[in-house]
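Chemist: Throughout the sequence shown, residue numbering follows full-length UniProt numbering, covering 1 to 1115 in sequence.
Ideal Cβ placement from N, Cα and C applies to all residues, glycine included.
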Amino acid sequence: MSKNERRQSNTLFNYFQSPKVEKNGSSAKPTPSKVSKTNGETKKDRDGSDSENEIKLTKKRSRIMVMDSSDSEDEGDTKQGKKFKRKVESDEEQSTPKKPKGNKKVKKVVYSDDESTAKKKTLFDKFKSSGSFGNTSNGSESPAIKVLTDSTSEEPATSQPIISDPNSSWAHNTLPFLKPEKIKDANRRKPSDPDYDPRTLFVPDSFLKDQTPAMRQWWEIKSKHMDCILFFKVGKFYELYHMDAVTGVVELGFTYMKGEFAHSGFPETAYAKMATILIEKGYKVARVEQTETPEMMQARTKSVKGQKVVRREICQISSKSTMVCTAQMPEALNDSRNYLYAICMQQGSKGNNRVGICFVETTLGTIIMSEFDDDNHFSRLLVLFAEYPPTLILTERSNIAPALSEILNTQFKDVQKETLSPNTQFLSASETLNKISMGSYFYDKDGNFHWPEFFKNIADDCLPKAAYELSLRSLGASWWYLKDSLLDVHVFSMAKFEWYDPVDCLSEEKTSKVKDHMVLDAAALKNLNLLGHEGSLMKVLDHCATPFGRRLLQRWICRPLCDVVKIKERQNAVHYLAENGTVFKNTQTILQKMPDLERELAKIHLFGNKFYATEHPDSRAVLYEAATYSKRKIMDLVRMLKALEDAQEIAEVFRDCDDNFLKKLTQFAPIGVNIDLKEVLRYFKNAFDQQKAEADGKIIPKRGVVEEYDEIENKIEEINSQLQDYLDEQSKFFGCKVKYFGTDKKRYQLEVPENKSHRATTEYQLEGAKKGSSAVKRYTTKVTKSLLADMMNAESEKAKLILDLNRRIFEKLFEHHEKFDQVIQCLTMLDVLCSLAEYGRTFSQDMCMPEISPFNDQPVFVAENGRYPCAPNIESFVPNDTKFGVDGTPNIMIITGPNMGGKSTLMRQVAIISIMAQMGSYVPASSCSLSLIDRVFTRLGAQDDLVQGQSTFFVELSEASSILKHATKHSLVIIDELGRGTSTHDGNAIATAYVNKLTTYGCRTMFSTHYHSLVDNFIGRSEIQLAHMACMVENEDDPTEESVVFLYKVAEGRCPKSYGFNAAKLAGLDRSIIAKARQYAAALEQEAKNRKAIREIYHAEDMKVVRQILGRLGI
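1. Leaving out five residues before and five after K593 in sequence, what residues of the same chain have Cβ atoms less than 6 Å from its Cβ?
2. Counting pairs of beta carbons, one from the segment 476-486 and one from the segment 353-373, are three or more of them closer than 8 Å?
3. How many Å lie between A643 and E751 at the Cα?
4. Which residues mark the beginning and the end of the alpha helix (DSSP H) in which I590 is found?
5. P294 lies in the alpha helix (DSSP H); which residues open and close that run?
6. Kindly indicate which three-state DSSP category K1049 falls into: helix, strand or coil?
7. For a test of the three-state rule: what should DSSP assign to V360, helix, strand or coil?
8. Taking three-plus beta-carbon pairs below 8 Å as touching, is the segment 1009-1026 in contact with the segment 856-873?
9. Roughly how many angstroms lie between the CA atoms of S437 and K284, to the nearest whole one?
10. Buried or exposed: R300, going by 16 or more other Cβ atoms within 10 Å of its Cβ?
11. In terms of residues, what are the limits of the alpha helix (DSSP H) holding Y740?
12. Thinking C-alpha only, which one of V1033, D488, Y1011 and A1093 is nearest R1054?
13. For the segment 693-763, which segments carrying the beta strand (DSSP E) assignment without a break, of at least 3 residues, lie completely within its bounds, in sequence order?
14. Rounded to the nearest angstrom, what separates K222 and L597 at their Cα positions?
15. In this structure, how does DSSP classify G885 when only helix, strand and coil are distinguished?
16. Which same chain residues end up closer than 7 Å to P204 when comparing Cβ atoms and leaving out the 5 residues on each side of it in sequence?
17. Thinking S321 and L340 are a contact (beta carbons under 8 Å), I'd like their distance in whole angstroms, please.
18. Got a sec, what are the start and stop residues for the alpha helix (DSSP H) G840 sits in?
19. Have a look at the DSSP bridge pairing and note the partners of C1031.
20. Ends of the alpha helix (DSSP H) at C462?
21. Can you give the Cα-Cα distance for T582 and R807, rounded to whole angstroms?
22. Are the beta-carbon atoms belonging to V564 and R935 less than 8 Å from one another?
23. Measuring CA to CA, which of K445, K566 and L394 is closest to F611?
24. Ignoring anything shorter than 4 residues or poking outside the segment 525-611, list the alpha helix (DSSP H) runs there in chain order.
25. Kindly indicate which three-state DSSP category F232 falls into: helix, strand or coil?
26. Which value, in whole angstroms, describes the spacing of the CA atoms of N880 and K585?
27. Taking all protein chains shown into account, decide if Y683 is buried (16 or more other Cβ within 10 angstroms of its Cβ) or exposed.
28. Based on the DSSP secondary-structure assignment, which residues constitute the bridge partners of Q307?
29. Nearest by alpha-carbon distance to K988: which of L972, F1007, S971 and G1002 is it?
30. Once the 5 residues before and after K777 are set aside, which same chain residues still bring their CB inside 7 Å of it?
31. Curious, which full-length alpha helix (DSSP H) runs of at least 4 residues does the segment 186-271 contain?
32. Using only the alpha-carbon positions, how far apart do T269 and S336 sit?
33. Kindly indicate the opening and closing residues of the alpha helix (DSSP H) around K393.
34. Using C-beta distances below 6 Å, list every residue in its chain close to G902, excluding the 5 sequence neighbours before and after it, in chain order.
35. I need the straight-line Cα distance from E961 to A401, nearest angstrom please.
36. Can you tell me whether W479 is helix, strand or coil according to DSSP?
Right, dumping it as structure tokens:
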């Protein structure tokens, strides 16, 4: 067969045709090859073409796909790190444009130079969010598939792919309804309309009528999901068109395919990689699958006139906030959590803000709700955001309070945000309950609906309780968004609902009781760098072996304990693990083998969900890599079973452990809370051959496990027995050995030697013959046809049952999810305890387990040789002693000292050591003791909040005011240079008054300042201790040669100077400028002394005192 006669490959070039582009340098047009016919039959597209019409086979251009082997998750190790080439044939655009009816002329697409996107913003630019969407990095190596023209191709040079220039005048850049000034949403609203919906696009009917069926299908889907990049399935490839193709070229490194409209794509096997890259860059990806085969389409459209196209449906919309682990996307982006938030609020009767929240982690299937009163600064909301960082925030369109809008658009300007229409998308509380109750989420096996226990606290059936109206509205918005992304079944049917209470939010009946956790507000989490990356407390303490352990560690850092008993339980467990190396090592060996069990369990649930397997669009998707995906599912199942089996070994590791808390975590009932899964695991181990299931990608139950399967197997064995009996009869009848011949639908033909075939009667129908030395004739009879029909029916039943059995085995496993959750919780806590133990084992300096005492009337804090926890293993670090409330030491410390002398580091050190102590961790000190701290306040650094229009001084006072409002005597207050945001005199006065106020609270306070006159006001005060960061000064009398050596050691008393000129010198300021500055400083200092002396003289009543004052001035 010639190259021109090859059958067409799966690409939309078969039917997405555009007018011809005149080839440069040649006026010759390629001539389509004639259709090759055999036995009078016209060749049809057999690879998924949507058209039933005859397809003229044309000469194809070859293209080489250069793929990184990592594009396919199932490549063997031999291909790792290498590139391989795959030759893909695609058709040239040979067909003519669609002809209009009647005498209408064909409209030609005209490109004008003035439409260049160098002058006008292209549509591609419109869909890059101002939020967290990544920027294109020019010149960087593309991580994606590159489509190149084969250098050996016989095609002319003009068939080279179009250059990958996003500013080319593609067809979509010429469409009027895509012009920025004319674009509208599906309801024909312009962007200036407050109800404009950027998720949709108005596409004129007149335009759609002129499109080919498949392109019309693409535009119809795109018009409903304009904010998504469509991965549009055509055969074995995902194709990108128009503005999406431009994104593929720019972000994924694709090369444009030939044609007047932008077009790029990649094979199905690379979906996970391509989708992940775009999602990481901030895009939303819609996976559009063919949900019927061409044969199914032909049967469906037999009586329908006009052009035909296979049905396609969106099967999943993925973004950072709507990721789920599936067979096609087997792993999540990373271990971190990505939360989808929905927020609504209303003004309270007392002028407060009532906030309703729902936030969802789709990879875990958790839905967390909350509703609380908040202040005008939204302090509780900011703490929530710090503890559970948002990836996407949903709000109600045209119904968001200005104050909340300002915070979201300033402090969270890099977070993606979307608005939903009132009532239809951002649902009312009652409508939320109605919609959820009508879903398929909470039905048992018998078809009975049951609300999860969680809902009994917030609603009476479908009637919301008044105190939870706003949180239920936010739940409705989250539900709508997940349903629109086709992920509602994945998440809601897990029924993992939780309620979040702000740490500082005590109900009225608990106001007299102590808190369970230390309160860390958003400022503390940020200023102390508790959750960042390099240099953060999280980074230093994180020695977790599992992703789920890492997630719990972050929660422990955000919520240290205020319960002495629980803290000591943790301390003892950490100490035991640190001191018992063998136990620690064996525990780590088991934990390090664990996959992300929380996400694995979510996958098990999804793969076993009956609704998802039968009603979800994914259940109808025609996937060419279905066998691969099936194997991945089995691998997930086997991996989960193996991990749970390994987890059972933990009990044996801690069998002789003498720590009660660890025994409780690791031992089975009645000693501990760990769950014995031996019987559950034994059932699944005996149910099927796990190795064979992994190899074949399907689960075949063993005998006696599934009665239905056993019945079908018995039926097939009976048919085989009948076939053998009939074959024996035929051998006797013909007087020779007769065999069965054929495969599939041609099976069970009786193969008879030709020299015996004369015995065949009219009951035998000749099906074929073979000539030669061993000539035979092949017959069928009514009996063979009947047995074949019986066998095919039985095999069909078996195949269907096996498909459902694969789902049912996952469903069966998930029935034990409560037991698995309990095991995972035990492993999670054990992993965090091991992480804290490892921190204590690896820190090279002094470590101790702090002594914690309950809240008492005299708060205390003592740390000897304390070190900054976030700078581990620095040999030159200078340790310091810090005391509050012991041996007569006051609870307020005013710290002075030179710039860069270590004041801020010392204050952060005390705060972080306190947090670690109440987490149950070792702390970097030779000894440490403290009474419980209920809240840590930080006022560190100062800068203008330009985005909110707030000055440095305003920010300082706002934070300082919050401290006075919420602090108790059990709090720890860290304040760095209050008042430096305004004039010296005003700042000094405010700082002095503020310290005076703090003395009435009695809370442990560290207050640093450069206002030496402030220090003068507190000399001799019994409730205040003065301290400074020591230093050595050389050549103090010579301004140009003075140098300061920082000792980084805290010392008693005040520091006479701040040595700011030394900082200027280190910064490289010219010496002459420094010398001149010293002169000005000396003059200002003398002037201040004179003023002070005049005031003292004015108030003096004794001339002796006046003479002393004048003597100090040298008069």
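Modeler: Here's the rundown:
1. Position 593 of the sequence shown, counted from the first residue, corresponds to residue 593. Around K593: D646.
2. yes
3. As a working note, residue 643 is residue 643 in the sequence shown. As a working note, residue 751 is residue 751 in the sequence shown. Going by the C-alpha atoms only, they are around 53 Å apart.
4. Counted from its first residue, the sequence shown places residue 590 at position 590. First-last of the alpha helix (DSSP H) with I590: G581 to L591.
5. Translated into the one-based positions of the sequence shown, residue 294 becomes position 294. Looking at the DSSP string, the run of the alpha helix (DSSP H) that includes P294 is P294 to R300.
6. To locate residue 1049, count along the sequence shown from 1; it is residue 1049. If DSSP states are grouped into helix, strand and coil, K1049 belongs with the strands.
7. Position 360 of the sequence shown holds residue 360. Look at V360 here: in three-state DSSP terms it is strand.
8. no
9. Translated into the one-based positions of the sequence shown, residue 437 becomes position 437. Translated into the one-based positions of the sequence shown, residue 284 becomes position 284. One C-alpha to the other measures close to 28 Å.
10. Counted from its first residue, the sequence shown places residue 300 at position 300. Classified as exposed, R300 has fewer than 16 neighbouring CB atoms from the shown chains inside 10 Å of its CB.
11. Looking up residue 740 in the sequence shown gives position 740. Per DSSP, Y740 belongs to no alpha helix (DSSP H); it is in the beta strand (DSSP E), K739 to F741.
12. Along the sequence shown, read from residue 1 onward, the residue named residue 1054 stands at position 1054. Nearest option by C-alpha distance: Y1011.
13. 739-741 and 749-753
14. For the purposes of this step, residue 222 is identified with residue 222 of the sequence shown, where counting begins at 1. For the purposes of this step, residue 597 is identified with residue 597 of the sequence shown, where counting begins at 1. Between K222 and L597, the C-alpha separation is close to 36 Å.
15. The residue labelled residue 885 in the question sits at position 885 within the sequence shown. Secondary structure of G885 (DSSP, three-state): coil.
16. Locating residue 204 in the sequence shown gives position 204, where the first residue counts as 1. So the qualifying residues of the chain are F177.
17. Numbered from 1 along the sequence shown, position 321 holds the residue referred to as residue 321. Numbered from 1 along the sequence shown, position 340 holds the residue referred to as residue 340. About 4 Å separates the two Cβ atoms, so the contact holds.
18. Counted from its first residue, the sequence shown places residue 840 at position 840. That run of the alpha helix (DSSP H) goes H817 to T842.
19. In the sequence shown, residue 1031 corresponds to position 1031, counting from 1. For C1031, which the question treats as bridged, DSSP gives the partners F1046.
20. Sequence index remark: in the sequence shown, residue 462 carries index 462 (1-based). That residue, C462, is in no alpha helix (DSSP H); it is neither H nor E in DSSP.
21. As a working mapping, residue 582 is identified with position 582 in the sequence shown. As a working mapping, residue 807 is identified with position 807 in the sequence shown. Spanning the two alpha carbons is a distance of roughly 41 Å.
22. Along the sequence shown, one-based indexing puts residue 564 at 564. Along the sequence shown, one-based indexing puts residue 935 at 935. Not a contact, by the Cβ cut-off of 8 Å.
23. On the sequence shown, residue 611 is found 611 positions in, with the first residue counted as 1. For the residues K445, K566 and L394, the minimum Cα distance to F611 belongs to K445.
24. 537-541, 547-558, 564-579, 581-591 and 597-608
25. Walking along the sequence shown from the start, residue 232 turns up at place 232. If DSSP states are grouped into helix, strand and coil, F232 belongs with the strands.
26. Walking along the sequence shown from the start, residue 880 turns up at place 880. Walking along the sequence shown from the start, residue 585 turns up at place 585. Taking the straight line from one Cα to the other gives about 34 Å.
27. Translated into positions along the sequence shown, residue 683 becomes position 683. Counting Cβ neighbours within 10 Å, Y683 comes out exposed, since fewer than 16 surround it.
28. Taking the first residue of the sequence shown as position 1, residue 307 is located at position 307. None; Q307 has no bridge partner.
29. Here residue 988 refers to the residue found at position 988 of the sequence shown. One point to set straight first is that residue 988 is Asn, not Lys, in the sequence displayed. The option with the nearest alpha carbon to N988 is F1007.
30. By one-based count along the sequence shown, residue 777 stands at place 777. V752, E754, S757, L766 and A769, listed in sequence order.
31. 205-209, 213-224 and 242-252
32. For the purposes of this step, residue 269 is taken as residue 269 along the sequence shown, with counting starting at 1. For the purposes of this step, residue 336 is taken as residue 336 along the sequence shown, with counting starting at 1. Counting only the Cα atoms, S336 lies some 26 Å from T269.
33. As a first step, residue 393 is located in the sequence shown; it is residue number 393 there, counting from the start. The identity of residue 393 in the sequence shown is Ile, whereas the question assumes Lys. Where I393 is concerned, there is no enclosing alpha helix (DSSP H), although the beta strand (DSSP E) it sits in stretches over P390 to E396.
34. Here residue 902 refers to the residue found at position 902 when the sequence shown is read from its first residue. Taken in chain order, the residues that qualify are M1029 and Y1048.
35. Within the sequence shown, numbered from 1, the residue matching residue 961 stands at position 961. Within the sequence shown, numbered from 1, the residue matching residue 401 stands at position 401. At residue 961 the sequence reads Ser, which differs from the Glu that was named. CA-CA distance, S961 to A401, rounds to 24 Å.
36. Reading the sequence shown from its first residue, position 479 is the one you call residue 479. W479: helix per DSSP, three-state reduction.
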